[in-house]
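Numbering (UniProt numbering), first residue to last: 1 to 320.
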Amino acid sequence: MESFAGKLAVVTGGGTGMGRELVVQLAAEGCSVAACDVHVDTLAETEQQALAGAPDGTRVSSHRADVSSEDDLRRFRDEAVEAHGADHVDLVFNNAGIGGGGSFVAGGRDEWERTFGVCWGGVYLGARTFLPLLLAAPEGHLVNTSSVNGFWAALSPGVPHTAYSAAKFAVKGFSEALIEDLRVNAPHVSVHVVMPGHIGTDIMHNSRRIHRGDGTVDEATALDGARAMLARSGLEVDAMTDAEVQAVVEGFGDAFRDTAPLSAGGAATVILDGVKAGRWRILVGDDAVRLDEAVRADPEGIYAADRRSFFGFLDDAAEG
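Here is the structure:
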């Protein structure tokens, strides 16, 4: 696909971060977009930004949908088809994701399953829901967002990262399995798996908002989990008030966004360039490339207990 102009794309998680940037950059090239998110306020902002920079005739529609709900995704599909007067879609970006559910052993089951349901279920259900419309296109592209945690199931020493990593491994495996499946049964449709490293987004803030907003995690449980996480990271938390713990956690979210080596906009550009180039495996960020090489070189040693974390700001916080 040499150009996105005149095409129709579907983007999940379009309210912020890479999802927003995908919508904006696609629209700027003259690609109409149907975007969904659970947060309609930020999604409306995305739509305004995208339309402001789009050529005349480009359509952008926004829809509320929880990607872990098949009913929501089917409604989103039907609304998108109606809004754009379409009988097919050319590109589907299964981008939505959240963090949470760090420990399978000590954490709560609801948060774990909510995280897994969005990060894996959203990709699976998104593919199930929109595949018939991709099959109806002259040339279709299914773009599934995994993560470096799809080939390295860790974050920082002493900080379990199980739900997100398990989901991202599933996305990677599913996408790779589709290569041959599509080649045999739908050769005009391509699959791409996106493996971002540390990207400057608000995923940490948004994840807490989602888990608390739907009742998966209450305030007391969230604070207990935060204290335990900070303690495992080497911080002295016994004398800290709840407000101080909350401030540190918010600071981590800010640091994750602000110290990232690659912006959400830069990441979206890499993804779209990869789709145009026909690459089925799209590593996003120099850190993703280095980590991929490290895992391949020493797949056992990469989990050594004395390793440094992938995200340097976590080490800096623990040492400071």
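Glycine is no exception: its CB is placed at the ideal position from the N, C-alpha and C atoms.
This one's a predicted model, so the numbers in the text were calculated from it and none came from an experiment.
Cβ neighbour criterion (16 or more within 10 Å) applied to residue i
i, result
"Val-11", "buried"
"Pro-138", "exposed"
"Pro-196", "buried"
"Val-275", "buried"
"Val-33", "buried"
"Val-188", "In the sequence under discussion, the amino acid at residue 188 is His, which differs from the Val named in the question. When all chains shown are included, His-188 counts as exposed."
"Ser-68", "buried"
"Asn-206", "buried"
"Asp-41", "exposed"
"Glu-319", "Confidence is the limiting factor: at Glu-319 the pLDDT is only 42, short of 50, which leaves the residue's position unreliable and the question unanswerable from this model."
"Gln-48", "exposed"
"Gly-301", "exposed"
"Tyr-303", "exposed"
"Gly-251", "exposed"
"Gly-19", "buried"
"Lys-7", "buried"
"Arg-114", "buried"
"Gly-15", "buried"
"Val-105", "exposed"
"Val-92", "buried"
"Ser-165", "buried"
"Ala-243", "exposed"
"Ala-239", "exposed"
Integer Cβ distance of residue i from residue j, believed to fall under 8 Å
i, j, result
"Asn-144", "Val-81", "Contact flag wrong, Cβ pair sits at about 21 Å."
"Gly-134", "Val-89", "Note that residue 134 is Leu in the sequence shown here, rather than Gly. Confirmed, Cβ separation roughly 6 Å."
"Ile-179", "Trp-280", "6 Å"
"Ala-54", "Ala-28", "6 Å"
"Pro-157", "Ser-103", "Actually they do not touch by this definition, with Cβ atoms about 14 Å apart."
"Val-284", "Val-270", "5 Å"
"Ser-190", "Gly-278", "7 Å"
Residue i vs residue j beta-carbon contact at 8 Å
i, j, result
"Arg-77", "Phe-130", "yes"
"Ala-268", "Leu-51", "no"
"His-84", "His-141", "no"
"Asn-94", "Gly-122", "yes"
"Gly-97", "Gly-13", "yes"
"Ala-9", "Cys-36", "no"
"His-63", "Glu-79", "yes"
"Gly-17", "Thr-259", "no"
"Ser-171", "Leu-291", "Note that residue 171 corresponds to Val in the displayed sequence, not to Ser. For Val-171 and Leu-291, no; Cβs fall outside 8 Å."
"Leu-125", "Glu-176", "no"
"Phe-169", "Ala-153", "yes"
"Leu-262", "Ile-203", "no"
"Trp-120", "Ala-167", "yes"
"Ile-282", "Val-38", "no"
"Gln-25", "Leu-272", "yes"
As assigned by DSSP and simplified to three states, the class of residue i
i, result
"Ala-277", "helix"
"Thr-16", "coil"
"His-211", "helix"
"Ala-9", "strand"
"Ile-282", "strand"
"Ala-264", "helix"
"Phe-130", "helix"
"His-192", "strand"
"Leu-235", "coil"
"Asn-95", "coil"
"Gly-200", "strand"
"Gly-57", "coil"
"Val-143", "strand"
"Val-89", "coil"
"Val-105", "coil"
"Val-123", "helix"
"Val-270", "helix"
"Val-159", "strand"
"Arg-307", "coil"
"Gly-117", "helix"
"Ala-153", "coil"
"Leu-136", "The question names Leu, but residue 136 is Ala in the sequence shown. Residue state, collapsed to three classes: coil."
"Gly-100", "coil"
Residue i - containing alpha helix (DSSP H), residue span
i, result
"Ser-165", "162-185"
"Phe-76", "70-84"
"Ala-288", "286-297"
"Leu-51", "40-52"
First and last residue of the uninterrupted beta strand (DSSP E) at residue i
i, result
"Val-148", "No beta strand (DSSP E) holds Val-148; DSSP gives it neither H nor E."
"Arg-64", "60-64"
"Ala-35", "32-37"
CB contact check: residue i to chain D, cutoff 8 Å
i, result
"Leu-272", "Among the protein chains of the structure shown there is no chain D, as only one such chain exists."
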